[in-house]
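Following: one structure in structure tokens, then a few remarks.
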Amino acid sequence: MIKDIRGLHHVTSMASDARQNNRFFTDTLGLRRVKQTVNLDDPSVYHLYYGNENGSAGTVMTYFPFPNMMLGRPGVGEVGETQFSVPKGSLKFWQDRFTAQGVGGLETDTAFGANRLCFMGPDGDGLALIESADDNRAPWLADGIPDDAAIRGFAGARFSLHDTAATEELLGFMGYQRAEKEGDVTRFIIPNGNGADTIDLAALPKTPFARQGAGSVHHIAFAVDNREKQLEVRKALMDTGYQVTPVIDRDYFWAIYFRTPGGILFEVATNEPGFNRDEDTAHLGETLKLPGRYEAFRDQIQANLEPLAA
Ligand code: ZN
0 MIKDIRGLHH VTSMASDARQ NNRFFTDTLG LRRVKQTVNL DDPSVYHLYY GNENGSAGTV
60 MTYFPFPNMM LGRPGVGEVG ETQFSVPKGS LKFWQDRFTA QGVGGLETDT AFGANRLCFM
120 GPDGDGLALI ESADDNRAPW LADGIPDDAA IRGFAGARFS LHDTAATEEL LGFMGYQRAE
180 KEGDVTRFII PNGNGADTID LAALPKTPFA RQGAGSVHHI AFAVDNREKQ LEVRKALMDT
240 GYQVTPVIDR DYFWAIYFRT PGGILFEVAT NEPGFNRDED TAHLGETLKL PGRYEAFRDQ
300 IQANLEPLAA
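If you count by numbering that gives the first Met the number 0, then the sequence shown holds residues 0 to 309, one letter each, in order.
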């Protein structure tokens with residue numbers, strides 16, 4: 000069994016409009032844009048990262064905004080809900096803020112003993128704020144959002160699955176422990192995690208498969224401390240029969256990917272080297288950073304990208 004997973008590292012989704020996406024995550028949700036770079040396979044598309052001050056593992060929501068991309072259709076075989084942790088008693092603040100800003104899909108409920116506010120991102124992204132009394136992670140403080148309401152990072156994610164059995168087995172192998180079950184949702188928790196510790200599996204046997212598009216999660220990444228641990232995780236997964244990619248350098252972390260039985264693309268990413276690798280922490284995300292091989296084409300690349308601020 001794998002013992003080195005520390006919770007979530009990041010969640011990567013797709014969007015239809017870079018400026019709108021940037022405004023929503025930095026202004027409405029008050030996260031810090033910790034990096035603006037490009038899709039390493041397609042430099043005509045941004046890769047935007049939003050998180051806490053340093054972009055710590057377990058706080059980072061990332062987006063590929065493909066201009067005018069069709070909206071995805073939610074369904075099974077995907078991450079149906081990305082969940083952020085907020086302080087206890089803060090949901091009223093968020094509900095008022097979201098109502099004033101016209102955020103869609105607002106719905107409150109309770110799950111696993113916690114109050115939740117579900118809402119949609121600009122492309123119908125399935126998002127939720129979950130109250131927690133004991134999340135000690137320091138928040139990024141943005142204009143208009145008080146410390147006692149600010150997002151601490153991810154709480155976790157909820158997967159929408161046709162059948163949960165194979166994913167339950169995989170999460171167990173990755174070191175997650177099965178916790179309660181509420182209705183059709185089974186909770187898994189990683190011990191010694193970074194705060195983004197829960198995965199909820201929703202069994203939806205009658206729901207059609209998702210069609211990926213804007214607002215869909217592209218993949219979900221789990222954190223390991225370093226490259227050595229990552230190689231051990233890779234070997235353990237491959238010994239169990241998973242087809243895992245070689246280690247890929249993503250500039251701010253190293254990544255391996257594999258497709259899971261439920262259809263969701265998993266990544267295992269290192270906590271090193273981090274987002275301050277190529278710019279000071281005080282100025283993270285302010286300017287466009289390009290991987291070395293694209294630097295010679297900076298003018299062209301930049302001219303093709305919509306400016307993030309109007
Ligand atoms: Zn990733």
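Cβ coordinates follow ideal geometry from the N, Cα and C atoms, glycine included. None of the values given here were measured: they were computed from a predicted structure.
Separation of residue j from residue i, as counted between CA atoms
| i | j | result |
| --- | --- | --- |
| ALA132 | ARG276 | 33 Å |
| GLN242 | ARG258 | 8 Å |
| ASP298 | ALA308 | 18 Å |
| TYR62 | ASP238 | 32 Å |
| THR163 | ILE263 | 12 Å |
| THR269 | ASP248 | 10 Å |
| SER43 | GLY182 | 44 Å |
| ALA235 | ASN51 | 31 Å |
| LEU289 | ALA165 | 39 Å |
CB contact flag (residue i, residue j, <8 Å)
| i | j | result |
| --- | --- | --- |
| SER89 | GLY194 | no |
| ILE198 | LEU170 | yes |
| ALA220 | LEU160 | no |
| VAL246 | ASP3 | no |
| ARG226 | ARG72 | no |
| GLY120 | LEU70 | no |
| ALA17 | GLU80 | no |
| MET13 | MET68 | yes |
| THR280 | GLY152 | no |
| TYR208 | GLY74 | Note that residue 208 is Phe in the sequence shown here, rather than Tyr. Against a cut-off of 8 Å, the Cβ pair of GLY74 and PHE208 comes out as a contact. |
| TYR49 | PHE24 | yes |
Residue i beta carbon near the ligand ZN (any heavy atom closer than 7 Å)
| i | result |
| --- | --- |
| HIS282 | no |
| ALA268 | yes |
| THR244 | no |
| HIS46 | no |
| ILE36 | Reading off the sequence shown, one finds Thr at residue 36, where the question assumed Ile. No, the Cβ of THR36 stays beyond 7 Å of every heavy atom of the ligand ZN. |
| ALA56 | no |
| VAL11 | For the sequence presented, residue 11 should be read as Thr rather than Val. Within the cutoff, so yes. |
| HIS218 | yes |
Quick check: the region 22-38 against the region 173-191, are there 3 or more CB pairs under 8 Å?
no
Tell me, please, whether the region 5-17 touches the region 93-111 by the rule of three or more beta-carbon pairs shorter than 8 Å.
no
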